[in-house]
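Structure first, then comments.
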Amino acid sequence: MIKNLLQFTAFIKSNATGGRILIFCIILSLVMANSSFAEHFNNLLATHIGPKLNGVNLRYTTLEWINDGLMAIFFLLVGLEIKDEALNGELSDIKSASLPIFAAIGGMLIPALLYWLINKNTITVGGWGIPMATDIAFVVAIINTIKSKVPLSLQVFIKALAIVDDLGAIIVIAIFYNTGMHSTYLLLALAMFVVQLFMNKLSVRYLWAYIIPGVFMWYFVHHSGIHATIAGVLTAIAIPHSVKAGVSPLKKLIHLLENPVNYFIIPVFAIANANIDIAGGLKNGTGISALQGGILLGLILGKPVGITLFSWIAVKLKLSKLSEGVRWPQVWGIGQLAGIGFTMSIFMALLSFSDVELQNTAKLTILIASLLAAFFGYVVLNLKKIKA
Numbered sequence: 416m417i418k419n420l421l422q423f424t425a426f427i428k429s430n431a432t433g434g435r436i437l438i439f440c441i442i443l444s445l446v447m448a449n450s451s452f453a454e455h456f457n458n459l460l461a462t463h464i465g466p467k468l469n470g471v472n473l474r475y476t477t478l479e480w481i482n483d484g485l486m487a488i489f490f491l492l493v494g495l496e497i498k499d500e501a502l503n504g505e506l507s508d509i510k511s512a513s514l515p516i517f518a519a520i521g522g523m524l525i526p527a528l529l530y531w532l533i534n535k536n537t538i539t540v541g542g543w544g545i546p547m548a549t550d551i552a553f554v555v556a557i558i559n560t561i562k563s564k565v566p567l568s569l570q571v572f573i574k575a576l577a578i579v580d581d582l583g584a585i586i587v588i589a590i591f592y593n594t595g596m597h598s599t600y601l602l603l604a605l606a607m608f609v610v611q612l613f614m615n616k617l618s619v620r621y622l623w624a625y626i627i628p629g630v631f632m633w634y635f636v637h638h639s640g641i642h643a644t645i646a647g648v649l650t651a652i653a654i655p656h657s658v659k660a661g662v663s664p665l666k667k668l669i670h671l672l673e674n675p676v677n678y679f680i681i682p683v684f685a686i687a688n689a690n691i692d693i694a695g696g697l698k699n700g701t702g703i704s705a706l707q708g709g710i711l712l713g714l715i716l717g718k719p720v721g722i723t724l725f726s727w728i729a730v731k732l733k734l735s736k737l738s739e740g741v742r743w744p745q746v747w748g749i750g751q752l753a754g755i756g757f758t759m760s761i762f763m764a765l766l767s768f769s770d771v772e773l774q775n776t777a778k779l780t781i782l783i784a785s786l787l788a789a790f791f792g793y794v795v796l797n798l799k800k801i802k803a
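Each residue of the sequence shown is one higher than the one before, counting from 416 in the numbering used here.
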């Protein structure tokens with residue numbers, strides 16, 4: 416029994432395992448979404464769970480709990496990893512730390528421009544935000560399957576880039592796709608963040624002293640009109656990193672979250688969000704070809720071009736620098752992976768179009784573009800000729 420337990424532990428820790436589980440979950444979700452079980456599946460995701468008492472509303476749909484709740488924990492983990500690298504690792508140098516920011520800006524502007532150029536005379540022009548997004552959960556899952564073939568600096572680069580990309584997407588949504596923001600909740604969320612920073616200033620090292628305000632901050636952000644996952648990033652910023660008595664709260668929390676995130680949260684996220692109606696997406700309608708072209712070119716071509724071009728310009732102007740062991744073809748490969756827009760792009764599509772037919776077409780095109788981007792990125796990063 417002990418031998419079997421050790422074998423199972425080794426299986427769970429294998430980098431490739433997370434990728435296999437992710438692929439299985441995507442296929443499972445697509446099968447359910449296009450079968451007789453589809454209605455039951457969608458009803459389950461739309462089921463409201465949680466209490467609503469005395470003005471405090473914690474009653475959200477299953478999908479909201481997954482996308483806003485569980486994914487806040489995912490963003491917390493990624494934020495912790497990036498903070499660790501910024502303080503002690505690959506991003507500790509200011510020029511290395513600035514590169515993902517320039518790359519993310521290019522990775523948002525060029526895809527949006529390509530989409531706009533293709534759709535400028537159609538009814539779908541408002542969807543320019545769709546190819547700007549990167550689905551960090553799926554990108555991280557793929558990176559985890561090829562960790563041994565990708566330099567650590569490149570792994571950190573794509574995670575930091577995706578975080579900046581998602582923050583950019585949140586800003587775009589708040590400014591251009593805003594359906595109403597609540598300043599009171601925003602101020603309350605900010606107050607919780609200040610509490611966390613104050614705890615850090617006082618050198619409080621108990622994790623609960625940061626998690627409890629973080630939970631309240633998540634609630635306030637969720638009701639403010641901004642995507643609630645930002646609470647995870649802000650909480651990560653506040654967690655102490657200094658080592659006393661041999662223990663770093665930041666490292667401790669990373670260790671606690673790694674397996675639950677990789678082997679529960681990301682798979683559940685995939686099952687909930689890959690349920691795309693393929694038949695519905697194949698229906699013809701006005702402006703659909705321009706919509707498809709804009710999404711495909713934006714994610715598959717615009718992302719790597721924007722990320723590589725802006726990174727190259729930043730390096731040439733000596734505003735940033737490539738980390739040791741990283742080559743430009745690898746940056747292109749990372750740019751391809753950043754074209755996995757998936758759930759963030761779908762979210763943008765739902766905000767952009769009220770027409771169900773356009774929504775379905777956008778969803779299917781995003782799925783195809785994301786799969787192609789994942790394939791191209793995986794192939795490029797596995798080419799022996801480009802490795803340093």
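All C-beta atoms in this analysis are idealised placements derived from N, C-alpha and C, irrespective of residue type, glycine included.
Given the structure is predicted, the values throughout are model-derived calculations rather than measurements.
Problem set entry | proline 682 and leucine 437 closer than 8 Å at C-beta | Within the sequence shown, the letter at position 267 stands for residue 682. Within the sequence shown, the letter at position 22 stands for residue 437. Yes.
For this session: Give the secondary structure of lysine 736 by DSSP, where H, G and I count as helix, E and B as strand, and everything else as coil.
Result: The count along the sequence shown starts at 1 and reaches residue 736 at position 321. Correct three-state label for lysine 736: coil.
Exercise. Which value, in whole angstroms, describes the spacing of the CA atoms of histidine 670 and leucine 796?
Worked result: To locate residue 670, count along the sequence shown from 1; it is residue 255. To locate residue 796, count along the sequence shown from 1; it is residue 381. Distance between the alpha carbons of histidine 670 and leucine 796: 27 Å.
Exercise. Would the region 625 to 636 and the region 599 to 606 be scored as touching if the rule is three or more Cβ pairs under 8 Å?
Worked result: The answer is yes - the region 599 to 606 touches the region 625 to 636, with three or more Cβ pairs under 8 Å.
For this session: Out of Trp623, Met759 and Ala764, point me to the one whose CA is closest to alanine 577's CA.
Result: Taking the first residue of the sequence shown as position 1, residue 577 is located at position 162. Minimum Cα distance to alanine 577 is reached at Met759.
Exercise. Leaving out the 5 sequence neighbours to the left and right, which residues in its chain are closer than 6 Å to valine 555 when beta-carbon positions are compared?
Worked result: Here residue 555 refers to the residue found at position 140 of the sequence shown. Around valine 555: no qualifying Cβ.
Problem set entry | Cβ pair isoleucine 691, leucine 782 closer than 8 Å | Counted from its first residue, the sequence shown places residue 691 at position 276. Counted from its first residue, the sequence shown places residue 782 at position 367. Result yes, Cβ atoms of isoleucine 691 and leucine 782 sit closer than 8 Å.
Exercise. Residues in its own chain within less than 7 Å of leucine 524 by CB, not counting five upstream and five downstream?
Worked result: In the sequence shown, the residue the question calls residue 524 occupies position 109. If we look at leucine 524 and ignore the five residues flanking it on each side, its Cβ neighbours are Gly721.
Exercise. Exposed or buried, which one is methionine 596 when buried takes at least 16 other CB atoms within 10 Å?
Worked result: The residue given as residue 596 occupies position 181 in the sequence shown. Its Cβ having fewer than 16 others within 10 Å, methionine 596 is exposed.
Problem set entry | Boundaries (first-last residue) of the alpha helix (DSSP H) holding aspartate 499 | If you number the sequence shown from 1, residue 499 lands on position 84. Element bounds for aspartate 499: 486 to 503.
For this session: Taking all protein chains shown into account, decide if valine 658 is buried (16 or more other Cβ within 10 angstroms of its Cβ) or exposed.
Result: As a first step, residue 658 must be located in the sequence shown, where it is residue number 243. Exposed, by the Cβ-count rule.
Exercise. Tell me the DSSP bridge mates of asparagine 472?
Worked result: Start at 1 with the first residue of the sequence shown, and residue 472 comes out as number 57. In DSSP, asparagine 472 forms a bridge with Lys467.
Exercise. Shortest alpha-carbon distance to histidine 637 belongs to which of Ala789, Trp623 and Ile585?
Worked result: The residue given as residue 637 occupies position 222 in the sequence shown. Minimum Cα distance to histidine 637 is reached at Ile585.
Exercise. Apart from the five residues just before and just after valine 540, which ones in its own chain have a Cβ nearer than 7 Å to its Cβ?
Worked result: The count along the sequence shown starts at 1 and reaches residue 540 at position 125. Within the same chain, valine 540 has close Cβ partners Trp531 and Asn534.
For this session: With a floor of 3 residues, list each beta strand (DSSP E) that falls wholly inside the region 639 to 712, ordered by position along the chain.
Result: none
Exercise. Where does glycine 544 fall in DSSP's three states?
Worked result: On the sequence shown, position 129 is the one that residue 544 refers to. It is coil, neither helix nor strand.
For this session: Determine, using beta carbons only, whether isoleucine 654 and leucine 779 come nearer to each other than 8 Å.
Result: In the sequence shown, residue 654 corresponds to position 239, counting from 1. In the sequence shown, residue 779 corresponds to position 364, counting from 1. It is not a contact, given that the beta carbons lie outside the stated cut-off.
Exercise. Can you name the start and end residues of the alpha helix (DSSP H) that threonine 599 belongs to?
Worked result: For the purposes of this step, residue 599 is taken as residue 184 along the sequence shown, with counting starting at 1. Per DSSP, threonine 599 belongs to the alpha helix (DSSP H) from 598 to 616.
Exercise. What are the boundary residues of the alpha helix (DSSP H) that includes threonine 780?
Worked result: As a first step, residue 780 must be located in the sequence shown, where it is residue number 365. Element bounds for threonine 780: 771 to 797.
For this session: Tell me whether asparagine 449 sits in a helix, a strand or coil according to DSSP, three-state version.
Result: The residue you call residue 449 lines up with position 34 of the sequence shown. Coil, per DSSP.
For this session: Classify tryptophan 543 as buried or exposed, calling it buried when 16 or more other Cβ atoms lie within 10 Å of its own Cβ.
Result: Along the sequence shown, read from residue 1 onward, the residue named residue 543 stands at position 128. The residue is buried, with at least 16 neighbouring Cβ atoms inside 10 Å.
Exercise. Residue range of the alpha helix (DSSP H) that alanine 519 falls in?
Worked result: In the sequence shown, the residue the question calls residue 519 occupies position 104. Residues 509 to 534.
Problem set entry | Counted within 10 angstroms of its Cβ, other Cβ atoms place proline 526 as buried (16 or more) or exposed | Position 111 of the sequence shown, counted from the start, is the residue given in the question as residue 526. The residue in question, proline 526, is buried, as its Cβ has 16 or more Cβ neighbours within 10 Å.
Exercise. For proline 628, which of helix, strand or coil comes out of DSSP?
Worked result: Along the sequence shown, one-based indexing puts residue 628 at 213. DSSP places proline 628 in helix when its eight states are reduced to three.
For this session: Could you tell me how far apart the beta carbons of glutamine 570 and lysine 564 are, in whole angstroms, since I believe they sit closer than 8 Å?
Result: By one-based count along the sequence shown, residue 570 stands at place 155. By one-based count along the sequence shown, residue 564 stands at place 149. Not quite, the Cβ-Cβ distance comes to about 10 Å (not below 8 Å), so this is no contact.
Exercise. Residues in its own chain within less than 6 Å of alanine 685 by CB, not counting five upstream and five downstream?
Worked result: Against the sequence shown, residue 685 aligns to sequence position 270. Counting only Cβ-Cβ distances below 6 Å, and skipping sequence neighbours, we find Leu437, Cys440 and Ile441.
Exercise. Is the beta carbon of leucine 491 sitting closer than 8 Å to the one on leucine 617?
Worked result: Along the sequence shown, one-based indexing puts residue 491 at 76. Along the sequence shown, one-based indexing puts residue 617 at 202. In this structure, leucine 617 does not lie closer than 8 Å to leucine 491 by Cβ.
Exercise. Which one of Ile652, Leu711, Ala705 and Phe762 has the shortest CA to CA distance from threonine 537?
Worked result: Locating residue 537 in the sequence shown gives position 122, counting from the first residue. Of Ile652, Leu711, Ala705 and Phe762, the residue nearest in Cα terms is Ala705.
Exercise. For tryptophan 727, which residues from the same chain have a beta carbon less than 6 Å from its beta carbon, with the 5 sequence-adjacent residues on both sides left out?
Worked result: Reading the sequence shown from its first residue, position 312 is the one you call residue 727. Same-chain partners within the cutoff: there are none.
Exercise. When DSSP labels each residue in this structure, what does leucine 576 get in the three-state scheme?
Worked result: For the purposes of this step, residue 576 is taken as residue 161 along the sequence shown, with counting starting at 1. If DSSP states are grouped into helix, strand and coil, leucine 576 belongs with the helices.
Problem set entry | DSSP-derived helix/strand/coil call for leucine 506 | As a first step, residue 506 is located in the sequence shown; it is residue number 91 there, counting from the start. If DSSP states are grouped into helix, strand and coil, leucine 506 belongs with coil.
Problem set entry | DSSP-derived helix/strand/coil call for threonine 403 | This structure does not reach residue 403, given that the chain is present from 416 up to 803, and the question cannot be answered.
Exercise. Where do the N-terminal and C-terminal ends of the alpha helix (DSSP H) with alanine 729 fall, by residue?
Worked result: Looking up residue 729 in the sequence shown gives position 314. Its alpha helix (DSSP H) spans residues 718 to 731.
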